[in-house]
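Novice:
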Amino acid sequence: MAEIIDLVLLGMLAITAFNIIFIKDLFTVVMLFGIYSFLSALIFVNLDAVDVAFTEAAVGAGISTVLMLGTLALTGRKEKASSHKTILPLLVVCVTGAALIYGTLDMPLFGDPDNPAHQHVAPRYIEDSPQEIGIPNMVTSVLASYRAFDTLGETAVVFAAAIGVLSLLGLPKRDRATIQSGLKSHLVLRVVAKMIIPLIVLFALYVQFHGDYGPGGGFQAGVIAAAALILYALVFGLPMATHVVPPRVLKALAALGVLIYAGTGVVSLFLSANFLDYSVLAEDPVAGQHIGIIAIELGVGITVFAAMLCIFYAFAGQTERKNIQ
Amino acid sequence: MFAQHLPVLPIILPLMAAPLCILLGRSHLAWLLATLVSALSFVISVDVLLTTLEQGVLSYAIGGWQPPWGIEIRIDTASAMILSAVTGISTLVLVYAKESIAKEVDPSQHTLFYTAHLLCLTGLSGILSTGDAFNLFVFLEISSLATYTLVSLGSDKRCLTAAFRYLVMGTIGATFILIGVGMLYMKTGTLNMIDLADRIAEFNGNRTLKTGLAFILVGVSIKLALFPLHMWLPPAYTHAPSAVSAFLASTATKVAVYVMVRFIFTIYGAEFVFHTMSMDILLLALAIVAIFKCSFMATVQSNVKTVLAYSSVAQIGYMILGISLVSSVGLMAGLLHIFNHALMKGALFMAVGAVLLRTGSVDIKAFQGLGKQMPLTMAAFTIAGLSIIGVPLTAGFVSKWYLVTAALEQQQWVIAMLVLLGSLLAIIYIGRILEAAYFKEPSELTAGKDIKEAPMLMLVPMWVLVIANIYFGIDTSLTLSAADTAAQLLTQSMTEIEAAQ
Amino acid sequence: MSFIVDHYNYWIVVLLMMMGFYVVIAANNLVKKIVGLNIFQTSVFMMYISIGKVNGGSAPIAAEGITTYSNPLPHVLILTAIVVGVATTAVGLALVVRIKRAYGTVEENEFEDKEDLI
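Residue numbers (the working numbering), protein chains in the order written: chain A, 7 to 331; chain L, 352 to 852; chain D, 57 to 174.
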């Protein structure tokens, strides 16, 4: 059954991607990309990767699509006909594809439990992490403890993206004069948004602190919390949103999250353990792991929330400026 | 107390300093912090280099998790040597940047500039230190993202399209590397480099691993701007702020060369790459084309920054040439050239940045008559230029010498001749600029203007690099022993196989 | 037949990757290039997640009565890679916005006339 679902979803993905190649209306392209992203999230669920699915849905279908739409608002929605020859790209793609197909010939069988990938390093994570780390979600254990250095890097990447977007676009100024903007005429939207936003924030907090037990964690929580404020900004206007969460604060928060994460690692250094070794944070190593994971997930959550919202502000600030002109 | 943690510090110091810069908010404080942290990382890196020369490889288990379950920091002499060069250049560039970006970058973005620089340094240090293939990808992307930002800070609008092209190509490269690492993991079940090396040995000739290697090599070749995947580099280095060009030209692509060395010699092993897949012939051919095509391109440019950018692609050709000779001496020459080229290109771009500051242009016409007006800057340019050509008593001579030696060792007369011919082209493109500076009257770009010598804060780092060029050209004991140890270690498995045969 | 059953997943994923890759290098519009990059990357993520699947396994969250779990490691790697992807997308799109402001167009062939770029 799972195989059939997999096949159907993959087929739908192929159709979506194929359409994206030929459609010239960029609004449609971006919408199709959102669909592509949602479909891949479904495939991830089907392949047992619930955390990944969660993130893909929040990021690919959520943040990326919003940013793309924001860009389209500034650059126009029609792709012009290309004067390029299409033969060379087609050739490059065919060669690359052929190489990949050649590579698949010796690939381990799909789903076979005896694959090398499941035999060497992974069993430790599956068998020992519930005892060593003390939390049931193995993805969180690996992400936040065994491979915490990757996740520190990932937080730095998000921070670097915020720095990049800020240096390119700058943040909107807080301006009290234009505070009454947004979708004034859409009463239903405003009322519903007011009811829904607190729930989204609540859900973000749940995802943040329940990531040890179920799917979720700092990254997903940060994106969801940012989404709540993005919704707020869309309905009530950017000036109102910057009034609630000022851009300067966001910039500082994005930096703070990275410092919390790296700082947790430095605390371990001072307790004469290796960088990011949480076992020394409490008398009982398992309790120490738990404290460490909560601390770094908090750092991730703060940076991701602040960076995503910062990036959104920067794009939205551009759109507003264009509208005024 | 921190002695055993030294290997991890060159990564986490700049990583923590970057957000601190944002919190400090003031650009001169950010400059001070960035420079100090970078200098501290440099001191630590040199210490680590000396330790690796005495004790061999340093391994550090992040989070206390032993490899292959956790991520390992693994520094051997090759990594420590390039790490010292990268952190050293970063420090000098930061000192230099204060005056340089004051002219070229909007004041509101100075803090962001230092933050992005520190993030880039974090990424580069991470790539050089990590012993985990996926972790390498993460750090590669930190440095790349910071680099796109740094390039886009240029004052000409063309820096935007240059940065975009760099972003698209860089991301394709990174995704290719991701595909390759996925194939490695699928076949071996591990991501730790040493563990991968052990397990790949069983699968010599496996089609999935071959494809993985191909994707990794193409991906890394984009990042290191190997001909013909170098198209992103000349515009990026031309339009980036001078301090950024100086930093990237001497570090970023060199670190990518290191990544290639790591994947070829440590992970896959020379046997797999050169014997099973015969990559040496392909790399050799591309390296030679790169040297000639791009040296030639450098001779016909009028923008001096573009000249230096094409020269960089050509110099990368020499490094790849060293690798493709598949011998300990060849690899040593390649590593030596990574180090020495950092010294010369850093100095050259710094000199050009000083000219830009004083004349407002980097066209070759702006250089006319500068020999008299900016004697110290042009003297620095001249010596570093001689080093690029490979004149004796400069660092450039040493690496070219060993490159020729390595070629001759294998009776590759043609290759040795080609290396020398490549230097002739370098004489032309450097010579044109020197001719303008010393033998021509000021052009209409600068005529009548009162052009002063560059400020102290720019001259000092420039001359430190120039003196390093001469010092490492005369006293080669440190660089040679480091490069030799590094190359011996990397080619260990190769020599064992030869001995067995 | 069993060869196909064991590999079809990878083959379709390769097809998806190549469609994304084609959009990146062939698209004329810079926003569309970024969409292509995202499709390319998302498809690579699918390859990783396919590696992690174990037949009959369940999501890697320890629970009573479950003995077979899918491999959590590829999931962790891809979580990181997704974040890297969105970071690149954000910076790329910000560049597109600035390019539009500076050049007045985001169509590749339209600024090729001014200087050969991208």
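Beta carbons are placed, not taken as given, at the ideal position from N, Cα and C, and that holds for glycine.
Note that the structure is a prediction, hence the values are computed from the model and not measured.
Under 8 Å between beta-carbons, which chain A residues line up against E163/D? List them in chain order, please.
Specialist: Taking the first residue of the third sequence as position 1, residue 163/D is located at position 107. Ordered by position in chain A, the residues that pass the 8 Å Cβ test against E163/D are E85 and K86.
Novice: I'd like to know whether the C-beta of Q417/L is nearer than 8 Å to at least one C-beta of chain A.
Specialist: Numbered from 1 along the second sequence, position 66 holds the residue referred to as residue 417/L. No, Q417/L lies away from the interface with chain A (no Cβ there is under 8 Å from its Cβ).
Novice: Closest to L496/L by C-alpha separation, out of S572/L, G474/L and D483/L, would be which residue?
Specialist: By 1-based counting over the second sequence, the position of residue 496/L is 145. Among S572/L, G474/L and D483/L, the Cα nearest to that of L496/L belongs to G474/L.
Novice: Just to confirm, are G926/L and I440/L a CB contact at a threshold of 8 Å?
Specialist: Lying outside 352 to 852, the shown extent of chain L, residue 926/L is not represented and no answer is given.
Novice: Just tell me which of A64/A, P136/A, F33/A and D31/A has its CA closest to the CA of L45/A.
Specialist: Counted from its first residue, the first sequence places residue 45/A at position 39. Residue A64/A is the option with its Cα nearest to L45/A.
Novice: Against chain A, with Cβ distances strictly below 8 Å, would W764/L count as a contact?
Specialist: Within the second sequence, numbered from 1, the residue matching residue 764/L stands at position 413. Taking Cβ atoms only, chain A never reaches closer than 8 Å to W764/L, which makes this a no.
Novice: Does the region 772-780 of chain L come close enough to the region 814-834 of chain L to have 3 or more Cβ pairs within less than 8 Å?
Specialist: no
Novice: Have a look at V51/A and P116/D and give me their C-alpha separation to the nearest angstrom.
Specialist: Reading the first sequence from its first residue, position 45 is the one you call residue 51/A. Reading the third sequence from its first residue, position 60 is the one you call residue 116/D. Spanning the two alpha carbons is a distance of roughly 12 Å.
Novice: Counting only C-beta atoms, is M113/A closer than 8 Å to chain L at any point?
Specialist: Locating residue 113/A in the first sequence gives position 107, counting from the first residue. Judged by the 8 Å Cβ criterion, M113/A is in contact with chain L.
Novice: Assuming L699/L is part of the alpha helix (DSSP H), what are its boundary residues?
Specialist: Sequence index remark: in the second sequence, residue 699/L carries index 348 (1-based). It spans S679 to T710 - the alpha helix (DSSP H) in which L699/L sits, taken as one unbroken run.
Novice: Short check: CB of V35/A to CB of V91/D, under 8 Å?
Specialist: Translated into positions along the first sequence, residue 35/A becomes position 29. Translated into positions along the third sequence, residue 91/D becomes position 35. In this structure, V91/D lies closer than 8 Å to V35/A by Cβ.
Novice: From the beta carbon of G323/A, is the nearest beta carbon of chain D less than 8 Å away?
Specialist: On the first sequence, position 317 is the one that residue 323/A refers to. By this cut-off, G323/A is not an interface position.
Novice: Go to Y411/L, then tell me how far its beta strand (DSSP E) extends in each direction, as first and last residue.
Specialist: In the second sequence, residue 411/L corresponds to position 60, counting from 1. Residues L409 to A412.
Novice: Measuring CA to CA, which of H249/A, L80/A, G298/A and A104/A is closest to G140/A?
Specialist: Along the first sequence, read from residue 1 onward, the residue named residue 140/A stands at position 134. Check the Cα spacing between G140/A and each of H249/A, L80/A, G298/A and A104/A: the tightest is with G298/A.
Novice: Looking at the strands, I want to know which residues DSSP matches up with E163/D.
Specialist: If you number the third sequence from 1, residue 163/D lands on position 107. Per DSSP, N85/D.
Novice: Do you know how far the Cα of I266/A is from the Cα of G223/A?
Specialist: Residue mapping note: residue 223/A aligns to position 217 of the first sequence, counting from 1. Residue mapping note: residue 266/A aligns to position 260 of the first sequence, counting from 1. Straight-line spacing of the CA atoms in G223/A and I266/A works out to 16 Å.
Novice: Taking all protein chains shown into account, decide if K179/A is buried (16 or more other Cβ within 10 angstroms of its Cβ) or exposed.
Specialist: Sequence index remark: in the first sequence, residue 179/A carries index 173 (1-based). It is exposed - the Cβ of K179/A has fewer than 16 other Cβ atoms within 10 Å.
Novice: Using the Cα positions of A234/A and P142/A, report the straight-line distance between them to the nearest angstrom.
Specialist: Position 228 of the first sequence, counting from 1, holds the residue named residue 234/A. Position 136 of the first sequence, counting from 1, holds the residue named residue 142/A. The alpha-carbon atoms of A234/A and P142/A are separated by roughly 28 Å.
Novice: Since P585/L and Y661/L are thought to touch, with beta carbons under 8 Å apart, how far apart are those beta carbons, to the nearest angstrom?
Specialist: Within the second sequence, numbered from 1, the residue matching residue 585/L stands at position 234. Within the second sequence, numbered from 1, the residue matching residue 661/L stands at position 310. Indeed, because the Cβ distance is near 6 Å, the residues count as touching under 8 Å.
Novice: Would you identify the three-state DSSP class for R425/L, choosing helix, strand or coil?
Specialist: Along the second sequence, one-based indexing puts residue 425/L at 74. Here R425/L sits in strand by DSSP.
Novice: Could you tell me whether any Cβ in chain L is nearer than 8 Å to the Cβ of A148/D?
Specialist: The residue you call residue 148/D lines up with position 92 of the third sequence. Rather than Ala, the amino acid found at residue 148/D in this sequence is Gly. Judged by the 8 Å Cβ criterion, G148/D is in contact with chain L.
Novice: Once the 5 residues before and after T512/L are set aside, which same chain residues still bring their CB inside 8 Å of it?
Specialist: Taking the first residue of the second sequence as 1, we reach residue 512/L at position 161. If we look at T512/L and ignore the five residues flanking it on each side, its Cβ neighbours are P586.
Novice: If you draw a straight line from the alpha carbon of L151/D to that of M37/A, how long is it in whole angstroms?
Specialist: Against the third sequence, residue 151/D aligns to sequence position 95. Against the first sequence, residue 37/A aligns to sequence position 31. For L151/D and M37/A, the distance between alpha carbons rounds to 21 Å.
Novice: So, with DSSP's three-state summary, where would you put I93/A?
Specialist: Translated into positions along the first sequence, residue 93/A becomes position 87. Helix.
Novice: Could you confirm whether any beta carbon from chain A is found closer than 8 Å to the beta carbon of L135/D?
Specialist: In the third sequence, the residue the question calls residue 135/D occupies position 79. Yes, L135/D lies at the interface with chain A (some Cβ there is under 8 Å from its Cβ).
Novice: Does any residue of chain A have a CB that is nearer than 8 Å to the CB of V140/D?
Specialist: On the third sequence, residue 140/D is found 84 positions in, with the first residue counted as 1. At least one chain A Cβ lies under 8 Å of V140/D.
Novice: Quick one: does G533/L have its CB under 8 Å from some CB of chain D?
Specialist: For the purposes of this step, residue 533/L is identified with residue 182 of the second sequence, where counting begins at 1. It does: the Cβ of G533/L has a partner Cβ on chain D nearer than 8 Å.
Novice: Are the CB atoms of T110/A and V70/D within a distance shorter than 8 Å?
Specialist: Translated into the one-based positions of the third sequence, residue 70/D becomes position 14. Translated into the one-based positions of the first sequence, residue 110/A becomes position 104. Yes. Within cutoff.
Novice: Check each candidate in D62/D, V80/D, F59/D and Y159/D and name the one with the smallest Cα separation from I523/L.
Specialist: If you number the second sequence from 1, residue 523/L lands on position 172. It is V80/D whose Cα lies nearest to the Cα of I523/L.
Novice: Find the nearest neighbour of M695/L within the set Q666/L, L676/L and I573/L, judged by alpha-carbon distance.
Specialist: The residue labelled residue 695/L in the question sits at position 344 within the second sequence. Residue Q666/L is the option with its Cα nearest to M695/L.
Novice: Any residues in the region 533-561 of chain L with a beta carbon nearer than 7 Å to a beta carbon of chain A? Which ones, in chain order?
Specialist: M534, Y536, M537, K538, T539, G540, T541, N557, R558 and T559
Novice: Can you tell me which of the three DSSP states I29/A falls into?
Specialist: Translated into positions along the first sequence, residue 29/A becomes position 23. If DSSP states are grouped into helix, strand and coil, I29/A belongs with coil.
Novice: Would you give the residue range spanned by the alpha helix (DSSP H) that W764/L belongs to?
Specialist: Walking along the second sequence from the start, residue 764/L turns up at place 413. It spans W764 to F790 - the alpha helix (DSSP H) in which W764/L sits, taken as one unbroken run.
Novice: When you compare only the Cα positions, how much space is there between D631/L and I615/L?
Specialist: As a first step, residue 631/L is located in the second sequence; it is residue number 280 there, counting from the start. As a first step, residue 615/L is located in the second sequence; it is residue number 264 there, counting from the start. Looking at the two C-alpha atoms, the distance is approximately 11 Å.
Novice: Does I169/A come out as helix, strand or coil in the three-state DSSP assignment?
Specialist: On the first sequence, residue 169/A is found 163 positions in, with the first residue counted as 1. Helix, per DSSP.
Novice: Return the residue from the list A199/A, S151/A, F24/A and I203/A that minimises the CA-CA distance to D218/A.
Specialist: The sequence position of residue 218/A within the first sequence is 212, counting from 1. Here the closest residue by C-alpha is S151/A.
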